[in-house]
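Notes follow once the structure below has been shown.
Number of protein chains: 2
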Amino acid sequence: MGVHDAMYVLGGKWKIYIITALLFGSKRYSELLRDVQGISGKVLSRELKEMETNRLVKRTVSVTQPVTVTYELTEYGKSAKSIIGVLSEWGETHRNLIVIDEPL
Amino acid sequence: MGVHDAMYVLGGKWKIYIITALLFGSKRYSELLRDVQGISGKVLSRELKEMETNRLVKRTVSVTQPVTVTYELTEYGKSAKSIIGVLSEWGETHRNLIVIDEPL
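Going down the list, the sequences are from chains F and R.
Residue numbers 1 to 104, in the UniProt record's numbering, belong to the letters of the first sequence in order.
Residue numbers 1 to 104, in the UniProt record's numbering, belong to the letters of the second sequence in order.
This is the structure we're talking about:
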């Protein structure tokens, strides 16, 4: 089933956030570490490696001094934008529900 | 951000699958345990409790002999269908990509 495939590739706590952080362009590792709130360096490295294996992100090493490592979404990774859009919209609605349901 | 709210309510390994299992109508606890592949009784109970707190599911106890406990999606829970639809579609596409990329 498609849902299983999607959850296999995107599941877990972080990948959706990493994709969100990369939606507007490539970022250095250090920028991702700053932008994905709460993630540790160890976990970020592991997640990025998995996402590279699944071809969601492309890793580029520039031979600068010091070496710069940047990550960007592949076309395929960008396609997950549709999921993030729906999640975002649904989340906004949920937040409104919570507000409405609070005692006055 | 909406994505955070959605991930807060739907995140983790199981909720999307539980919602999927309930999309076509209410189910008993034992039916859910069978239909959500790989979940343990303990985890299913915990997840259902969280989903009840977040008003994604409604729990009904029928005073039969023995007592029957059924779960159904609330209107709000049903609204997550849009997310599952996009995940499913995206997952199908991903599966196709994998097949294409396999060595001949």
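Yeah, the Cβ is synthetic: ideal placement off N, Cα and C, and Gly gets one too.
Is residue i helix, strand or coil by DSSP?
| i | result |
| --- | --- |
| residue 86/R | helix |
| residue 36/R | coil |
| residue 104/F | Model confidence at residue 104/F stands at a pLDDT of 47, short of 50, so the residue's coordinates are unreliable and nothing is read from them. |
| residue 20/R | helix |
| residue 8/R | helix |
| residue 70/F | strand |
| residue 58/R | strand |
| residue 81/F | helix |
| residue 92/R | helix |
| residue 27/R | strand |
| residue 63/R | coil |
| residue 42/F | helix |
| residue 13/R | coil |
Please compile the residues from chain F whose C-beta is within a distance smaller than 8 Å of the C-beta of residue i.
| i | result |
| --- | --- |
| residue 88/R | 1, 2, 3, 6 |
| residue 177/R | The displayed coordinates of chain R run from 1 to 104. Any statement about residue 177/R would go beyond what the structure contains. |
| residue 36/R | Under the 8 Å cutoff, chain F gives no residues; its nearest Cβ is about 12 Å from residue 36/R. |
| residue 95/R | 2, 5 |
Exposed or buried, residue i, counting other C-beta atoms within 10 Å across all chains shown (16 or more means buried)?
| i | result |
| --- | --- |
| residue 8/F | exposed |
| residue 23/R | exposed |
| residue 42/R | exposed |
| residue 104/F | Because residue 104/F carries a pLDDT of 47, less than 50, the predicted location of this residue cannot be relied on, and no value is offered for it. |
| residue 38/R | exposed |
| residue 13/R | exposed |
| residue 15/F | buried |
| residue 47/F | buried |
| residue 60/F | exposed |
| residue 25/F | exposed |
| residue 63/F | exposed |
Who are the neighbours of residue i on chain R, taking C-beta pairs under 9 Å?
| i | result |
| --- | --- |
| residue 82/F | 86, 89, 90 |
Which residues in chain F sit within 9 Å of residue i, going by Cβ to Cβ distance?
| i | result |
| --- | --- |
| residue 13/R | 7, 11, 12 |
Counting only Cβ pairs nearer than 8 Å, list the residues of chain R close to residue i.
| i | result |
| --- | --- |
| residue 79/F | 90, 93 |
* Asked: Quick one: any contact between the stretch 27-37 of chain F and the stretch 78-88 of chain F, if contact means 3 or more CB pairs under 8 Å?
  -> Using a C-beta cut-off of 8 Å, the stretch 27-37 of chain F makes no contact with the stretch 78-88 of chain F, since fewer than three inter-stretch Cβ pairs fall below that distance.
* Give a yes or no on contact between the stretch 77-84 of chain R and the stretch 65-73 of chain F, applying the rule of three or more CB pairs nearer than 8 Å. => Between the stretch 77-84 of chain R and the stretch 65-73 of chain F there are fewer than three inter-stretch CB-CB distances shorter than 8 Å, so the stretches are not counted as touching.
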